[in-house]
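All letters in the sequence shown, in the order written, are residues 2 to 260 by this note's numbering. Working notes for the structure below.
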Amino acid sequence: MQGFLRGLAALCLTLALSACAAAGTAPTDGGIIDATGDWQLSSGMVDGVRFPVVADAPITMTVQGAQISGRSACNHYGGEIVVEGGSVRFGLMSMTEMACQEPVMTAEAAYFAALARIVGVSRDGDRLVLAGPGVQLDFDRLPPVPIAELVGADWVLESIAKGDVVSSVAGQPATLRLDSDGTFVGSTGCRTFSGRWVTANGGISPTDFGMDQTECPPDLAAQDGHISSVLEGFRASVDGRTLTLTGNGGDGLVYSAPN
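If you want it as structure tokens, here you go:
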């Protein structure tokens with residue numbers, strides 16, 4: 002599992018983009034854009050061509066003060082926002098070095114190339130727009146991670162989703178428990194796992210993920226791999242006693258909490 006950058010939380014920019022001040026202070030002109038939280042690229046245009054968004058390889062951006070971090074389709078990145086002469090510039094400081102298949106790598110390269118041309122930022126509700134000459138990137142706000150509803154419950158896996166196909170669960174009960182101390186434990190139906198978790202990029206990522214060395218029988222190997230893949234990084238939603246996890250690649254897990 003590759004390393005990742007811890008999510009960040011707040012950004013202040015001028016609405017008019019004719020002036021910008023340090024976070025927490027008033028600008029000399031215009032209003033303040035509060036872009037606190039996590040954002041995901043939903044669409045964009047570059048030199049008249051639609052940006053190549055890949056549905057199962059999201060591009061995200063989390064901001065705080067003058068810092069940004071997120072996932073760039075394949076890798077995780079960190080950087081800074083620089084204000085010069087009333088315009089905004091985004092600069093990279095760090096990035097992981099994973100290699101992904103096409104078209105994910107093309108989307109990542111296009112994102113960084115577009116980000117280098119950004120000079121202005123605006124916001125309309127839950128839509129954040131980065132713009133520059135010939136470039137516009139539209140981000141939608143990601144919902145906050147439902148930590149209070151998620152932690153402290155013993156979730157039992159009911160089904161797994163891959164694309165449009167939903168399958169039932171086999172083997173021993175597959176479970177998941179996340180606790181408020183940042184630890185998690187569970188099983189895939191044939192192996193147990195444990196580790197630590199943090200919120201990052203609008204979802205949850207493990208900082209340490211270890212599985213026992215039990216060899217799963219052939220009929221449970223695919224289920225074991227699916228669960229392991231989703232748990233490498235996921236978004237979570239809770240509806241009553243149902244927990245849905247969506248992995249970075251788009252695969253899903255649906256859990257229920259026992260009565």
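Note that the Cβ used here is the ideal one computed from N, Cα and C, for glycine as well.
{"Query": "Contact under 8 angstroms by Cβ, Tyr112 with Leu93", "Result": "no"}
{"Query": "Among Val152, Glu216, Cys217, the one whose alpha carbon lies nearest that of Val186", "Result": "Val152"}
{"Query": "With 16 other Cβ atoms within 10 Å as the buried cut-off, status of Thr26", "Result": "Confidence is the limiting factor: at Thr26 the pLDDT is only 24, short of 50, which leaves the residue's position unreliable, though a coordinate-based value still follows. Exposed, because fewer than 16 other Cβ atoms sit within 10 Å of the Cβ of Thr26."}
{"Query": "Presumed contact (8 angstroms Cβ cut-off) between Val1 and Gly183, rounded CB distance", "Result": "No answer is possible for residue 1: the residues shown for the chain start at 2 and end at 260."}
{"Query": "Leu232 - DSSP class collapsed to helix/strand/coil", "Result": "coil"}
{"Query": "Val146 vs Ile205 beta-carbon contact at 8 angstroms", "Result": "yes"}
{"Query": "Cβ-based burial, Ala58 [other Cβ within 10 Å; buried from 16]", "Result": "buried"}
{"Query": "Option in Glu233, Asn249, Ala100, Gly87 with minimal Cα separation from Ser195", "Result": "Glu233"}
{"Query": "Distance CB(Pro104)-CB(Val55) smaller than 8 angstroms", "Result": "yes"}
{"Query": "Within the segment 119-188, ranges of the beta strand (DSSP E) (whole runs, at least 3 residues)", "Result": "121-125, 128-133, 136-142, 156-163, 166-169, 176-179, 184-188"}
{"Query": "Backbone CA spacing between Phe52 and Gly250 [nearest angstrom]", "Result": "19 angstroms"}
{"Query": "Ala111: first and last residue of the uninterrupted alpha helix (DSSP H) it sits in", "Result": "105-116"}
{"Query": "When Leu138, Ala175, Asp180, Gly203 are compared against Arg1, the one with the closest alpha-carbon", "Result": "Since the displayed the chain opens at 2 and closes at 260, residue 1 lies outside it and no answer follows."}
{"Query": "Residues of its chain near Leu244, where Cβ-Cβ distance is below 6 angstroms and the 5 sequence neighbours each way are ignored", "Result": "Trp156, Tyr256"}
{"Query": "For Leu246 and Glu159, the rounded distance between their alpha carbons", "Result": "12 angstroms"}
{"Query": "Where Thr189 falls, given that 16 or more other Cβ within 10 Å makes a residue buried", "Result": "buried"}
{"Query": "Nearest-angstrom Cβ-Cβ length linking Asp209 and Arg197, presumed shorter than 8 angstroms", "Result": "5 angstroms"}
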